[in-house]
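When you line the sequence shown up against our numbering, it's residues 1 to 66, in that order. Where is the CB? At the ideal position from N, CA and C, for every residue including glycine. Quick caveat: nothing in here was measured; it's all calculated off a predicted structure. Read through the structure below, which is laid out as structure tokens, and then see the notes.
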Amino acid sequence: MNLFNHNPVVFWLIIINYLVVVYSLYHLIFKSHYNLNKRLTWMMVLWIVPVVGPAIYWFAWKRRED
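Take a look at the structure:
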């Protein structure tokens, strides 16, 4: 069964979601100044809650900068 032929929108949403998760992890590991416990917590949020995890991370990051 080819997912792309049956549901191209769902396929692209899944791909985009995982790209955002990977970019969020990259940013979390290399660009943030969180301590180890906070980084591990955010990693769990990003992988356990894949739909809203990246959105919550970026919202919290922007809120922390203000």
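Per-residue burial, residue i [other beta carbons within 10 Å of its own, 16 or more giving buried]
{"i": "residue 68", "result": "Nothing in the structure corresponds to residue 68, since the chain is present only between 1 and 66."}
{"i": "residue 46", "result": "buried"}
{"i": "residue 40", "result": "exposed"}
For residue j and residue i, believed in contact at Cβ under 8 Å, the rounded distance
{"i": "residue 43", "j": "residue 25", "result": "7 Å"}
Residue i versus residue j - alpha carbon distance
{"i": "residue 61", "j": "residue 5", "result": "37 Å"}
{"i": "residue 31", "j": "residue 38", "result": "14 Å"}
{"i": "residue 17", "j": "residue 23", "result": "10 Å"}
Residue i versus the options, residue with shortest Cα-Cα distance
{"i": "residue 64", "options": "46, 30, 34", "result": "34"}
Where residue i falls: helix, strand or coil (DSSP)
{"i": "residue 31", "result": "coil"}
{"i": "residue 49", "result": "coil"}
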